[in-house]
Amino acid sequence: MRRSVTVLFFFAAAVFFAGCSKSKTIDLSHESYSDLAPGYEWAVVKVPYVAFRSGCGYSDTITGHARNGDIFLVKGSRFAEIPVEADENTSKKKTVASSEKILWYEFDKGWLDQNSVTIYDTKLKAQSAAEKIVSN
Numbered sequence: 006m007r008r009s010v011t012v013l014f015f016f017a018a019a020v021f022f023a024g025c026s027k028s029k030t031i032d033l034s035h036e037s038y039s040d041l042a043p044g045y046e047w048a049v050v051k052v053p054y055v056a057f058r059s060g061c062g063y064s065d066t067i068t069g070h071a072r073n074g075d076i077f078l079v080k081g082s083r084f085a086e087i088p089v090e091a092d093e094n095t096s097k098k099k100t101v102a103s104s105e106k107i108l109w110y111e112f113d114k115g116w117l118d119q120n121s122v123t124i125y126d127t128k129l130k131a132q133s134a135a136e137k138i139v140s141n
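Taken in order, the sequence shown gives residues 6 to 141; the numbers are from my numbering.
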């Protein structure tokens, strides 16, 4: 009986001290901080395929491509009026009414319109949404 109590004591002590090891490190790198940092916005591409543009317009030069579920850090945004095709009765181009301006988001690769992306306030939310998009 005394032997089993001694063995049990040493086993419990080993488990206790193994749980107190200091081998784990906490990652406080800038990259992990920006995943939750306020003031950043993250975009998830919600269309099958989209082209980045050099400016806020569909006629601007294509600077890159993205696919459904890709995640990008938003660098800026602005509204832009997009010209529409001239109708048969006039040779001048019309512009979209001011209430129908399109919001464009700037990324490292170029600009995307609001219809191509969904915006999230943390990278973790964007990653979760992207996983759901890709799995469907």
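Even for Gly, the Cβ is constructed at its ideal location relative to N, Cα and C.
Three-way DSSP call (helix, strand, coil) for residue i in this model
i: Ala135; result: helix
i: Lys128; result: helix
i: Thr66; result: coil
i: Ser82; result: strand
i: Ser103; result: At Ser103, the pLDDT of 40 sits below 50, so the modelled position is not reliable; the number obtained from the coordinates is stated separately. Ser103: helix per DSSP, three-state reduction.
i: Phe15; result: helix
i: Val52; result: coil
Residue i versus the options, residue with shortest Cα-Cα distance
i: Phe57; options: Glu111, Tyr125, Ala85; result: Glu111
i: Ala42; options: Ala135, Asn141, Lys128; result: Lys128
i: Gly115; options: Tyr63, Asn73, Glu86; result: Tyr63
i: Gly44; options: Asn120, Ile124, Ser140, Phe21; result: Ile124
i: Glu136; options: Arg8, Val20, Asn73, Thr68; result: Asn73
i: Asp65; options: Asp75, Arg83, Val12, Ile87; result: Ile87
i: Ala131; options: Arg83, Ser140, Asp75; result: Asp75
Cβ-Cβ distance between residue i and residue j below 8 Å
i: Ile138; j: Lys51; result: yes
i: Val55; j: Ala134; result: no
i: Glu46; j: Asp126; result: yes
Any non-hydrogen atom of the ligand MN closer than 7 Å to residue i Cβ
i: Lys114; result: The ligand MN is absent from the structure shown, which contains no ligands of any kind.
**Asked** Counting Cβ pairs, one atom from each stretch, are 3 or more of them under 8 Å apart for the region 110-126 and the region 75-90?
**Response** At 8 Å Cβ cutoff, the stretches touch.
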